[in-house]
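Notes to accompany the following structure.
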Amino acid sequence: MLQTIKETAQFIRAKVSDMPKTAIILGTGLGELVSHIEITEEIPYSEIPNFPVSTVEGHSGKLIFGKLGNKRVMAMQGRFHFYEGYDMKQVTFPVRVMKELGISTLFVSNAAGGMSPDFKIGDIMIINDHINLFPENPLRGKNYNELGPRFPEMSEPYSHRLIADALKVADEAGIKVHQGVYVGTQGPTFETPAEYRYFRRIGGDAVGMSTVPEVIVARHAGIEVFAISVITDLGGLEGVEPEKVSHEEVQLAAAAAQPKMTAIMTGLINEFKE
Ligand code: HPA
Numbered sequence: 330m331l332q333t334i335k336e337t338a339q340f341i342r343a344k345v346s347d348m349p350k351t352a353i354i355l356g357t358g359l360g361e362l363v364s365h366i367e368i369t370e371e372i373p374y375s376e377i378p379n380f381p382v383s384t385v386e387g388h389s390g391k392l393i394f395g396k397l398g399n400k401r402v403m404a405m406q407g408r409f410h411f412y413e414g415y416d417m418k419q420v421t422f423p424v425r426v427m428k429e430l431g432i433s434t435l436f437v438s439n440a441a442g443g444m445s446p447d448f449k450i451g452d453i454m455i456i457n458d459h460i461n462l463f464p465e466n467p468l469r470g471k472n473y474n475e476l477g478p479r480f481p482e483m484s485e486p487y488s489h490r491l492i493a494d495a496l497k498v499a500d501e502a503g504i505k506v507h508q509g510v511y512v513g514t515q516g517p518t519f520e521t522p523a524e525y526r527y528f529r530r531i532g533g534d535a536v537g538m539s540t541v542p543e544v545i546v547a548r549h550a551g552i553e554v555f556a557i558s559v560i561t562d563l564g565g566l567e568g569v570e571p572e573k574v575s576h577e578e579v580q581l582a583a584a585a586a587q588p589k590m591t592a593i594m595t596g597l598i599n600e601f602k603e
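Going by my numbering, 458 is the number at position 129 of the sequence shown; the sequence numbering is gapless.
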């Protein structure tokens with residue numbers, strides 16, 4: 330695995346003049362952020378050795394390098410989901426490569442179902458913790474001490490100082506944000522009413538099908554993480570039957586919340602100390 334990571338990083342390094350320290354995984358609801366990047370290089374996943382190729386509609390699949398505000402960034406347009414059939418090593422491979430390239434901070438976005446009674450569709454939740462309900466941990470198997478410890482500690486999966494910066498950016502922009510716990514599930518089914526209630530009872534505020542694998546691998550490698558969810562549907566409110574959720578509805582709600590998501594991410598990336 331080490332050799333594979335190195336080979337991929339070498340390929341990317343040869344194509345990029347000025348390697349960033351900051352990376353972004355553009356999930357649902359953050360596609361528009363790309364229009365704020367002064368792009369210097371683009372590499373389609375299909376050209377990158379050892380990279381999986383993304384399949385889901387609405388995810389075009391390339392690495393973008395450029396300037397966002399005052400920072401050089403590397404953005405993943407399109408991510409790999411476990412439900413697509415990739416294994417955990419494939420889902421998280423790009424994060425391994427990020428580490429090898431010298432990335433020290435990772436920003437992630439996703440769409441999620443809201444379970445907190447405080448949430449409305451289109452709201453934004455800064456993730457301050459997660460519960461891993463994927464059937465596997467991406468670190469299962471041989472540990473490479475060069476990449477990180479066998480038993481990584483997870484007391485601060487989401488950087489407190491970046492959350493504080495983001496709250497300030499949101500406040501100054503007049504954008505209301507929540508904080509909460511993200512429950513990561515494998516999907517592709519949305520939750521049954523009982524599952525929503527269960528995830529709420531174990532401490533979840535939102536549920537989605539991504540992010541947790543990438544964050545685990547990033548933290549293992551010592552990369553600082555910030556992640557944000559756009560709440561695209563609601564389930565699990567006590568006493569309320571969840572309504573039907575569809576992929577289209579998720580996409581629509583995420584699109585409507587894009588300006589808020591983009592404002593917070595661009596503001597935060599510009600402000601934070603690299
Ligand atoms: N559940 C799981 N994943 C999701 C949801 C949801 O309700 N909404 C958006 N992604």
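The C-beta atom is built at its ideal place from N, Cα and C for all residues, glycine as well.
query                                                                                                          : result
Classification of Ile368 by the beta-carbon crowding that lies within 10 angstroms, buried from 16 upward      : exposed
Residues passing the C-beta test against the ligand HPA heavy atoms, cut-off 7 angstroms                       : Ala440, Ala441, Gly442, Thr514, Gly516, Phe519, Glu520, Val536, Gly537, Met538, Thr561, Asp562, Gly564, Val574, Val579
Three-state class that DSSP yields for Asn466 in the structure shown                                           : coil
For Met590 and Val541, the rounded distance between their alpha carbons                                        : 19 angstroms
Assumed close pair Asp494, Leu597 - CB separation to whole angstroms, cut-off 8 angstroms                      : 6 angstroms
Contacting residues, own chain, Cβ-Cβ under 6 angstroms from Lys396 (five flanking each side not counted)      : Glu367
Uninterrupted alpha helix (DSSP H) stretches inside the region 456-518 (no shorter than 4 residues)            : 489-501
Rounded C-alpha distance that separates Leu435 from Glu553                                                     : 6 angstroms
Sequence-distant residues of its chain with Cβ nearer than 8 angstroms to Pro378 (five each side left out)     : Glu336, Thr337, Phe340
Extent of the continuous beta strand (DSSP E) run through Phe601                                               : Element bounds for Phe601: n/a, residue is neither H nor E.
Close Cβ partners of Ile334 (< 7 angstroms) along its chain, the five nearest in sequence each way excluded    : Arg425, Val426, Glu429
Cβ neighbours of Leu563 in the same chain (closer than 6 angstroms, five flanking residues each side left out) : Gly443
Cβ-Cβ distance between Thr362 and Thr595 below 8 angstroms                                                     : First, the residue type needs correcting, since residue 362 is Leu and not Thr in the sequence shown. For Leu362 and Thr595, yes; Cβs fall inside 8 angstroms.
DSSP three-state assignment for Met330, whether helix, strand or coil                                          : coil
C-beta contact flag for Ile393 and Glu371 at 8 angstroms                                                       : yes
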